[in-house]
Amino acid sequence: MKIINLIEDTQGAPGLHAEHGLSFYVETGMHKILVDTGASDRTWENAERLGIDLEQIDTVFLSHGHYDHAGGILSFAAVNSRAAIYVHSLAGQAYYNLKEDGRKFIGIKEAILQLPQCIRLGTGNYRLDEELSIFSGVTGRRKWPESNLTLKRKDGDRFLQDTFGHEQYLVVRTEGKAVLLSGCAHNGILNILDHYRALYGDMPDLVISGFHMMKKAAYEKAEITLIREIAEELGSMGILFYTGHCTGLPAFEMMEEIMGETLHYVHSGDRIV
Numbered sequence: 701m702k703i704i705n706l707i708e709d710t711q712g713a714p715g716l717h718a719e720h721g722l723s724f725y726v727e728t729g730m731h732k733i734l735v736d737t738g739a740s741d742r743t744w745e746n747a748e749r750l751g752i753d754l755e756q757i758d759t760v761f762l763s764h765g766h767y768d769h770a771g772g773i774l775s776f777a778a779v780n781s782r783a784a785i786y787v788h789s790l791a792g793q794a795y796y797n798l799k800e801d802g803r804k805f806i807g808i809k810e811a812i813l814q815l816p817q818c819i820r821l822g823t824g825n826y827r828l829d830e831e832l833s834i835f836s837g838v839t840g841r842r843k844w845p846e847s848n849l850t851l852k853r854k855d856g857d858r859f860l861q862d863t864f865g866h867e868q869y870l871v872v873r874t875e876g877k878a879v880l881l882s883g884c885a886h887n888g889i890l891n892i893l894d895h896y897r898a899l900y901g902d903m904p905d906l907v908i909s910g911f912h913m914m915k916k917a918a919y920e921k922a923e924i925t926l927i928r929e930i931a932e933e934l935g936s937m938g939i940l941f942y943t944g945h946c947t948g949l950p951a952f953e954m955m956e957e958i959m960g961e962t963l964h965y966v967h968s969g970d971r972i973v
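Given below as structure tokens:
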């Protein structure tokens, strides 16, 4: 299996774009997959420089309904109209980030959901074939990321707390290994792994996911304690983790102190073998 980061917030290989967004290329014996598509067409400029042919992609997986993970879908579909695009049925709702300085729409374009190759999945567990499965419906709330609190769903004139029912997760099983891919882990990486174990009866060998711990201001003491507690639990699982994007470098560095070689940061252009 080959996994390449197409775009992330930080630059890895020289000459590649870095911007706030996330996209991975995953190649298995049966599939060529995009996991999220970044925020813009820069994702495809990076893909070209990395030698990835978009016309060969057969599957696109959208982890949740935020622009920085879906911004490249429409331009991709203009190049490749054959690849199945799997989105959660709730991904098209009106999602916003509400902060003291105003509100920002962070949802996806309605045109994405109108694409003929777009497949809307309900909440549940779907086995696509012997390699690929998709699950959603994580409702646990232990050690839930507090950075979620500004993220809302607009319902008429009201802004309600986003409960991230639109978040889904891809499982790739190949070569005797299981890989779990999540976009931002808004539902909390520990809750996602709890749900994984309940569904499959084991744990993945490799997890690729943001942890949604990024914060512009300094972390408060309680937030630092929470990050360290999560790292301690993840580090005890015997799983290899790759993270980036919404985790943020300060949180990553705190976690790395505890998790050591079981945690790695992924930059634009980095490869996971």
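Numbers in this note's numbering are just positions in the sequence shown, counted from 1, shifted up by 700.
All residues carry an ideal CB built from backbone N, CA and C; glycine is no exception.
(message) At the level of alpha carbons, what is the spacing between Ile-773 and Ile-812?
(response) As a working mapping, residue 773 is identified with position 73 in the sequence shown. As a working mapping, residue 812 is identified with position 112 in the sequence shown. Each residue's alpha carbon lies about 7 angstroms from the other.
(message) Taking 7 angstroms as the threshold (C-beta atoms), are Glu-831 and Arg-873 in contact?
(response) Start at 1 with the first residue of the sequence shown, and residue 873 comes out as number 173. Start at 1 with the first residue of the sequence shown, and residue 831 comes out as number 131. For Arg-873 and Glu-831, yes; Cβs fall inside 7 angstroms.
(message) Under 8 angstroms: do the segment 953-967 and the segment 882-899 share three or more Cβ pairs, one atom per stretch?
(response) no
(request) Go ahead and pull the three-state DSSP assignment for Phe-776. (result) As a first step, residue 776 is located in the sequence shown; it is residue number 76 there, counting from the start. Helix at Phe-776.
(request) Mind listing, in chain order, the continuous beta strand (DSSP E) runs of no fewer than 3 residues lying wholly within the segment 715-794? (result) 723-727, 732-735, 759-761, 784-788
(request) Taking 8 angstroms as the threshold, find out whether the segment 794-811 comes into contact with the segment 839-847 through three or more Cβ pairs. (result) no
(message) What residue range does the beta strand (DSSP E) around His-886 cover?
(response) The residue given as residue 886 occupies position 186 in the sequence shown. Where His-886 is concerned, there is no enclosing beta strand (DSSP E), given that its DSSP letter is neither H nor E.
(request) Would you grab the beta carbon distance between Ser-833 and Val-871 for me? Rounded to a whole angstrom, and I think it's under 8 angstroms. (result) Residue numbering aside, residue 833 sits at position 133 when the sequence shown is read from its first letter. Residue numbering aside, residue 871 sits at position 171 when the sequence shown is read from its first letter. With 8 angstroms as the limit, Ser-833 and Val-871 qualify as a contact, their Cβ atoms being about 4 angstroms apart.
(message) Contact defined as beta carbons within less than 8 angstroms: I believe His-720 pairs with Asp-768. What is the distance between those atoms, to the nearest angstrom?
(response) Position 20 of the sequence shown, counting from 1, holds the residue named residue 720. Position 68 of the sequence shown, counting from 1, holds the residue named residue 768. About 6 angstroms; that satisfies the 8 angstroms criterion.
(message) Check for me: the beta strand (DSSP E) holding Lys-854 runs from which residue to which?
(response) Residue 854 sits at position 154 when you count from the first residue of the sequence shown. 851-855 is the extent of the beta strand (DSSP E) around Lys-854.
(message) Whole angstroms are fine: how far does the CA of Leu-890 sit from the CA of Glu-929?
(response) Within the sequence shown, numbered from 1, the residue matching residue 929 stands at position 229. Within the sequence shown, numbered from 1, the residue matching residue 890 stands at position 190. Roughly 11 angstroms between the two C-alpha positions.
(message) Considering Cα atoms alone, identify which of Asp-857, Ile-958, Tyr-942 is closest to Ile-704.
(response) Here residue 704 is taken as the residue at index 4 of the sequence shown, counted from 1. For Ile-704, the nearest C-alpha among the options comes from Tyr-942.
(request) Could you pull out every residue in the same chain whose Cβ sits closer than 6 angstroms to the Cβ of Val-760, ignoring the five residues on either side in sequence? (result) One-based indexing of the sequence shown puts residue 760 at position 60. Here the set comprises Leu-734, Ala-783, Ile-785.
(request) Rank Val-726, Gly-738, Glu-727, Gly-715 by C-alpha distance to the C-alpha of Glu-708 and give the top, closest one. (result) Here residue 708 is taken as the residue at index 8 of the sequence shown, counted from 1. Considering only alpha carbons, the answer is Gly-738.
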